Structure formats: C-alpha cells, structure tokens
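Participant: Pasting in a structure now, in structure tokens, and then I'll have a few things to ask.
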Amino acid sequence: MRFEIMRLDDVDGSAVDSTVVDAASVNRIVQQAAAMGQRIYIRPAESSAS
Numbered sequence: 002m003r004f005e006i007m008r009l010d011d012v013d014g015s016a017v018d019s020t021v022v023d024a025a026s027v028n029r030i031v032q033q034a035a036a037m038g039q040r041i042y043i044r045p046a047e048s049s050a051s
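Quick note: the sequence shown uses this note's numbering, first residue 2, plus one each step.
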C-alpha cells in the first residue's frame, strides 16, 4: 500500500509539499517529522488504474 504524506505550513496548515511513499517508509518519515517538529498529514494514495 502507498501513502501520500503532506508537509503542512506551521501558520495556516496548508499543504506545502507532498510525496507518495510505500508503507515501509511511513514510520521513518513520521520519526523525522517528529524530530524536526514538522506537521504532516498522511492519507492512503489513490491507486492508478493500470
């Protein structure tokens, strides 16, 4: 499963940038964001129809 992770603006909470990662990478990114005090939003990524 893949997830979209968006970094949020500290002031208004709007999405600053986003990336799509696999489930194994989510924990690492969450740990990094917590260490840096970043706000993030995580949601399942839409799967593309192939």
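Positions of the beta carbon are idealized from the N, C-alpha and C atoms, including for glycine.
Because the structure is a prediction, the values reported are computed rather than measured.
Which class does V31 belong to by DSSP, given the choice of helix, strand or coil?
Facilitator: Helix, per DSSP.
Participant: Express the C-alpha separation of A25 and V17 in angstroms, rounding to a whole number.
Facilitator: Going by the C-alpha atoms only, they are around 23 Å apart.
Participant: Quick one: what does DSSP say N37 is sitting in, helix, strand or coil?
Facilitator: A small fix is needed here, since residue 37 is Met in this sequence, not Asn. Helix.
Participant: Using the DSSP secondary-structure output, state which residues sit across from A16 in a beta bridge.
Facilitator: In DSSP, A16 forms a bridge with L9.
Participant: Is F4 helix, strand or coil when you go by DSSP?
Facilitator: DSSP places F4 in strand when its eight states are reduced to three.
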